[in-house]
Amino acid sequence: MVEMKTSKDYTLNFMDYGEITVPKGTRLTHRTAMGFDYSYHFVNDTNWIKTNYPNIAGMLNHDINYYGINVPENFVAYTVL
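With positions in the sequence shown counted from 1, the corresponding number in our numbering is that position plus 5.
Here is the structure:
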């Protein structure tokens with residue numbers, strides 16, 4: 006089994022929220038709405054939202070889960086378990 010996490014902080018402009026930062030160590034997945042696609046690295050763990058963005062946590066959590074954040078390959082670390 007292989008685990009994917011962000012290898013460093015990843016900052017992006019997300020929808021109308023402006024700049025948000027996905028912290029280093031955030032779990033990722035290849036799962037998409039249509040199954041698995043190994044070219045995607047979607048954020049799979051949103052526990053950091055409540056801590057880092059408390060004023061918009063509910064809406065941001067929904068939109069990340071619904072629309073997704075695809076993290077570029079150069080921000081991904083793979084660990085064999």
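For each residue, glycine too, the CB sits at the ideal point set by N, CA and C.
Integer-rounded CB distance, given that Val-7 should sit under 8 Å from Val-76: Actually they are not in contact, since the Cβ atoms of Val-76 and Val-7 sit about 15 Å apart, beyond 8 Å.
I need the straight-line Cα distance from Phe-47 to Asn-60, nearest angstrom please. 23 Å
Have a look at Met-20 and Met-9 and give me their C-alpha separation to the nearest angstrom. 24 Å
Which whole-angstrom value describes the C-beta separation of Leu-65 and Tyr-22, a residue pair presumed to lie in contact below a C-beta threshold of 8 Å? 6 Å
The alpha helix (DSSP H) spanning Asn-66 covers which residue range? 62 to 72
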